[in-house]
Every structure is written in structure tokens, then in C-alpha cells.
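Student: Here it is, the structure, as C-alpha cells.
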């Protein structure tokens with residue numbers, strides 16, 4: 001088996017807690033017009049379908065902020081909420097500032113001692129740079145699906161990442177809390193690690209469960225992954 | 001005047017001391033077959049001409065490592081040195097590990113408090129990631145001419161950087177120790193800061209002098225730049 005040289009990390013849900021972060025900001029911005037946690041989940045529910053229209057060739061590549069905005073407009077209409085332009089822009093920016101999971105920073109610090117650690121998100125390069133800076137995440141570099149002008153799980157995203165870091169796909173370990181992301185990575189020739197984030201969708205919905213996901217490594221958090229890879 | 005949001009940094013010579021780093025590694029690898037400092041300068045002399053063939057359309061884009069290797073092969077031939085493949089590969093890798101100038105890390109730390117700080121080098125994305133990691137440079141993200149598949153001073157390099165960070169060109173300050181780089185940045189609509197690195201080419205050759213360079217800011221090092229921008 002080839003040597004592991006690079007670890008690429010999914011961000012939303014795997015590295016940061018989008019549910020808590022988005023719900024908190026929605027509550028601040030929209031007040032008690034709605035249940036902020038439910039709204040965060042409804043917004044995120046539109047995430048994969050909106051990207052599937054790009055990866056499926058139905059529409060040209062657009063920035064994730066644009067997809068977030070379209071989903072938001074649709075959702076506000078459904079809820080009968082009449083927010084102005086500035087409010088909508090602030091809401092889209094909520095995805096640029098999200099809190100890290102408790103183990104994230106220390107886990108990345110340990111993992112980067114032996115490997116190159118890179119963010120590999122469907123979030124755009126600017127969004128990802130803002131988010132990583134605000135949460136002080138010790139990544140060695142930031143990669144984004146934007147660099148391949150498509151979205152995960154399109155194989156080109158994972159292969160572009162390997163190519164930019166000048167390594168073979170099987171020298172890269174994709175770390176994610178989602179089965180669909182790891183399936184895409186495996187199809188592109190990457191190795192895979194599942195990190196369970198059971199609270200990803202808040203208290204009322206379950207995150208992906210290990211039993212339902214195919215991966216080479218299964219970890220409870222980034223610290224556990226660091227221990228498994230240190231052997 | 002627009003607000004400054006992003007600072008992009010040239011790397012070789014501006015942020016790290018390529019002369020000392022390359023000369024030291026050449027001396028380690030080739031011993032006393034030649035004067036390592038002179039060799040480092042002769043190698044670097046081939047840098048701009050080799051890239052000009054790409055930016056001028058004479059040849060397709062190739063990775064900087066490839067250009068470094070071609071220049072090296074040429075130079076070894078001229079010096080009548082018969083190095084094997086492994087030695088040549090080690091020599092090319094010398095450009096992946098270079099020491100930061102004394103003020104670099106603390107300067108970047110201060111500058112990143114108010115701005116996004118990004119590496120913007122002609123070095124490839126992998127080279128730059130290796131170099132930044134090895135020297136512990138606190139950049140928020142790494143950019144590379146590779147992302148535009150051409151080389152500075154081609155305007156597309158600077159504009160791709162602004163576009164990936166989702167800012168206007170005039171919200172970006174290019175920081176470099178070289179007039180040609182700042183001229184390219186200005187032509188692409190960026191703002192410019194010259195940082196003097198008089199010892200860039202070692203003890204026997206002078207670096208670019210402020211008097212010969214057009215820029216908006218002139219700084220003696222990164223700490224001086226941080227003070228000027230903090231006003």
C-alpha cells in the first residue's frame with residue numbers, strides 16, 4: 001500500500017459544526033420569526049440537490065454562495081418571510097463563520113506533524129479561507145471544489161486536489177463524516193476515513209452512522225484518527 | 001481608495017532567503033565541486049528567462065520544478081559536473097525548503113490580524129505548500145501562479161488570486177522585493193508594496209533598490225510594512 005502523504009478534510013459537518021453556527025446566526029438575524037435549528041436543517045437539505053444540478057451538467061458551475069442564496073430565497077418564500085437584500089446577504093455569510101468541533105484544532109495539530117493537512121470543501125476558495133481564518137484551523141493549505149469548477153462527489157475535485165499537491169490519488173486520505181463524500185473519494189482512487197459526527201444535524205436528526213458507510217478507517221473524532229494513523 | 005482586504009506575498013527573495021537556502025543545500029549535496037553561492041545565483045539567473053518562454057507563448061505551461069530541473073541540467077553541463085538522477089532530484093527539491101527572513105514570521109503574524117495574507121508565488125502549489133509548512137509561515141492560504149497556469153508577471157496570475165479570494169484587484173496589495181513583480185501587479189490593477197531585501201542575492205550582488213522601483217508603499221521589512229499599514 002502506498003505511503004499516506006496528504007489528508008484532505010471535508011469541512012461542513014466534519015471539521016466545523018454548521019448546525020450550531022448557522023442556527024445561532026439565523027436566530028440573531030431573523031429573531032423568533034421561525035425555529036432557527038429547523039431552518040438550518042431545511043437550508044442544508046437543499047445543499048446536495050443544488051450541487052447535483054451542477055455535477056449532473058444541468059447548469060454551469062456557480063459559486064456555493066450563489067447556491068446558498070437561491071436555497072435561502074426559496075426557503076424564505078416558503079416560510080412567508082419578507083427579508084431585505086442586506087439581511088439575505090448576512091444570512092448567506094453565516095456559512096463563512098462556523099465553530100470548529102471541540103477536537104478539531106488539536107486533532108489537526110497532531111495530524112499535521114506527519115502529514116500535509118488540507119481543507120477540501122465544496123465551499124468556495126474565499127469562503128473556505130474566511131472560515132479557516134475565523135476558526136483558526138491549522139491547515140497547511142486550502143483546497144476547494146472551485147479549483148476544479150465542479151462539486152464533490154465529482155471525481156475531478158479529488159483528483160485536482162491530489163494533482164495540485166503533486167501526489168498520487170492513493171497517497172491521499174479523504175476524511176469526512178458523510179458516506180457520499182467518501183464514496184466519491186474512493187471512486188477517484190483516494191483512501192478514506194469516516195469520522196462520526198452524530199450531532200451534525202442538531203439534537204433531532206442523526207448524522208451518518210459508521211454502519212452505513214464504507215471506509216478504510218473509522219474514527220470517533222480527529223484525535224482518535226490521529227492515534228490510529230500514528231501506529 | 002478601496003479598502004485593503006488581502007495582502008499577497010511573493011515568496012522567493014521576498015519572504016524566504018533562497019540564496020542562503022539553495023547555496024547551503026548545493027554545498028551539502030555537491031560538496032566543493034563548485035562555489036555554492038555563485039551556483040545558486042547562476043541557477044536563479046535562469047529563472048526569469050525560463051518563465052518568459054511560457055508567458056510569451058513560446059511553450060506550454062510547465063511546473064516550476066521542471067523549469068528548475070532544465071536550468072540545473074544546463075548549468076551542470078556548463079560546469080562539467082556529472083550528477084546522477086537522484087542528486088539532480090535532490091537539488092531541485094532544495095527550492096522546496098528555504099529559510100524565512102528574520103522578520104517574516106512575526107511580520108506575517110501582525111499583518112494577518114487585519115488582513116488575509118496569502119502566498120502568491122511562481123512556485124507550484126505543492127512546492128509552495130511544502131515550503132510554507134517547513135518554514136512555519138502563518139499564511140491564511142496558499143495561492144500559486146499554477147492556478148492560472150502561467151507565471152507572474154502575467155496579469156492573469158494576479159487577477160486569478162483576487163478572483164479566488166472574491167475581492168476586486170484594487171483590494172489586494174502585492175508585496176514583493178522585485179520591481180518586475182510589482183509592475184505586473186500594478187498592470188493587473190493591484191496595489192503594490194516594495195520590501196527591500198538587499199541581501200537577496202548574497203554578499204556579492206545587490207537586490208532591487210527602492211529608488212529603481214515604482215510602488216505605493218516602500219518598507220524595509222515585514223514589520224515596517226505592518227506598522228505602515230496599521231495607521
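Protein chains in written order, with full-length UniProt numbering: chain W, 1 to 231; chain S, 1 to 231.
From the three backbone atoms N, C-alpha and C, an ideal C-beta is built for every residue, glycine too.
From a predicted model like this one, the values you see are computed outputs, not experimental measurements.
Excluding the 5 residues preceding and the 5 following residue 177 of chain S in the sequence, name in chain order all residues of the same chain whose CB lies nearer than 8 Å to its CB.
Tutor: Answer for residue 177 of chain S: 10, 13, 14, 194, 195, 196, 197, 200, 207 and 208, listed in chain order.
Student: Check the Cβ of residue 129 of chain S against every Cβ in chain W and list those closer than 7 Å, keeping chain order.
Tutor: Within chain W, the residues near residue 129 of chain S are 116, 140, 141 and 165.
Student: Take residue 67 of chain S as the anchor and find which of S:182, S:166, S:123 and S:133 has the nearest alpha-carbon.
Tutor: Checking every option, the nearest Cα to that of residue 67 of chain S belongs to S:123.
Student: Is residue 130 of chain W closer than 8 Å to residue 96 of chain W when the C-beta atoms are compared?
Tutor: Yes, the pair counts as a contact, with Cβ atoms nearer than the cut-off.
Student: In chain W, which residues lie less than 9 Å from residue 194 of chain S when you measure between Cβ atoms?
Tutor: What residue 194 of chain S touches in chain W: nothing, since even the nearest Cβ is about 25 Å away.
Student: According to the neighbour-count rule (16 or more other Cβ atoms, all chains shown, within 10 Å of its Cβ), is residue 153 of chain S buried or exposed?
Tutor: By the neighbour-count rule (16 or more Cβ atoms within 10 Å), residue 153 of chain S is buried.
Student: In chain order, what residues of the same chain have a beta carbon less than 8 Å from the beta carbon of residue 225 of chain W, not counting five sequence neighbours either side?
Tutor: Cβ neighbours of residue 225 of chain W beyond the five flanking positions: 107, 111, 175, 193, 195, 217 and 219.
Student: Counting along the chain, where does the beta strand (DSSP E) carrying residue 116 of chain S start and finish?
Tutor: Where residue 116 of chain S is concerned, the enclosing beta strand (DSSP E) stretches over 116-121.
Student: Considering residue 215 of chain W, what are the terminal residues of the alpha helix (DSSP H) in which it resides?
Tutor: It is not in any alpha helix (DSSP H) - residue 215 of chain W carries neither H nor E in the DSSP assignment.
Student: Using the Cβ count rule (16 or more neighbours within 10 Å means buried), how would you classify residue 92 of chain W?
Tutor: Answer is buried; the Cβ neighbour count reaches 16.
Student: Contact defined as beta carbons within less than 8 Å: I believe residue 8 of chain S pairs with residue 118 of chain S. What is the distance between those atoms, to the nearest angstrom?
Tutor: So it is a contact: roughly 5 Å between Cβ atoms.
Student: At the level of alpha carbons, what is the spacing between residue 26 of chain S and residue 60 of chain S?
Tutor: If you take the alpha carbons of residue 26 of chain S and residue 60 of chain S, they lie about 29 Å apart.
Student: Thinking C-beta only, is residue 71 of chain W closer than 8 Å to residue 43 of chain W?
Tutor: In contact: residue 43 of chain W and residue 71 of chain W (Cβ atoms closer than 8 Å).
Student: Taking 8 Å as the threshold (beta carbon to beta carbon), is residue 126 of chain S in contact with chain W?
Tutor: Yes - at least one Cβ of chain W is within 8 Å of the one on residue 126 of chain S.
Student: Do you know offhand how far residue 85 of chain S's Cα is from residue 30 of chain S's?
Tutor: Spanning the two alpha carbons is a distance of roughly 13 Å.
Student: Decide if residue 181 of chain W is buried, meaning its Cβ has at least 16 other Cβ atoms within 10 Å, or exposed.
Tutor: It counts as buried.
Student: For residue 191 of chain W, which beta-bridge partners are listed by DSSP?
Tutor: Paired residue(s): W:173.
Student: Along chain W, in chain order, which residues have C-beta atoms closer than 7 Å to that of residue 133 of chain S?
Tutor: Neighbours of residue 133 of chain S on chain W, chain order: 116 and 140.
Student: Which whole runs of the alpha helix (DSSP H) in the segment 11-37 of chain W are 4 residues long or more, in chain order?
Tutor: You should have 18-30.
Student: What are the start and end residues of each continuous beta strand (DSSP E) run of 3 or more residues lying completely inside the segment 141-186 of chain W, in chain order?
Tutor: DSSP runs (the beta strand (DSSP E)) wholly in the segment 141-186 of chain W: 141-144 and 172-176.
Student: Check whether the segment 48-59 of chain W and the segment 17-26 of chain W touch, using three or more Cβ-Cβ pairs below 8 Å as the test.
Tutor: Short answer: they don't touch.
Student: Could you tell me whether any Cβ in chain S is nearer than 8 Å to the Cβ of residue 98 of chain W?
Tutor: So, not an interface residue.
Student: Given a limit of 8 Å on CB to CB distance, which residues of the segment 147-162 of chain S reach chain W?
Tutor: The segment 147-162 of chain S vs chain W, Cβ under 8 Å: 147.
Student: For a test of the three-state rule: what should DSSP assign to residue 86 of chain S, helix, strand or coil?
Tutor: Residue state, collapsed to three classes: helix.
Student: Taking only beta-carbon positions, decide if residue 224 of chain S is within less than 8 Å of chain A.
Tutor: Protein chains W and S are contained in the structure displayed, whereas chain A is not.
Student: Residue 139 of chain S by DSSP, collapsed to three states: which one?
Tutor: Coil.
Student: Using DSSP with H/G/I as helix, E/B as strand and the rest coil, what is residue 8 of chain S?
Tutor: Residue 8 of chain S: strand per DSSP, three-state reduction.
Student: Between which two residues does the alpha helix (DSSP H) holding residue 75 of chain S run?
Tutor: Unbroken alpha helix (DSSP H) run through residue 75 of chain S: 64-78.
Student: Looking only at its chain, what residues have a beta carbon closer than 6 Å to the beta carbon of residue 83 of chain W, apart from the 5 residues adjacent to it on each side?
Tutor: The answer, listed in chain order, is 76.
Student: Which of the three DSSP states is assigned to residue 206 of chain S in this structure?
Tutor: Here residue 206 of chain S sits in coil by DSSP.
Student: Let me confirm a value: residue 32 of chain S is counted as buried when at least 16 other C-beta atoms fall within 10 Å, else exposed. Which label applies?
Tutor: With fewer than 16 other Cβ atoms within 10 Å, it is exposed.
Student: How about residue 143 of chain W and residue 161 of chain W: do their beta carbons lie closer than 8 Å?
Tutor: It is a contact, given that the beta carbons lie within the stated cut-off.
Student: Kindly indicate which residue of S:121, S:139, S:183 and S:221 has the alpha-carbon position closest to the one of residue 64 of chain S.
Tutor: Nearest C-alpha to residue 64 of chain S: S:121.
Student: Out of S:190, S:215 and S:212, point me to the one whose CA is closest to residue 4 of chain S's CA.
Tutor: Closest option to residue 4 of chain S, Cα to Cα, is S:190.
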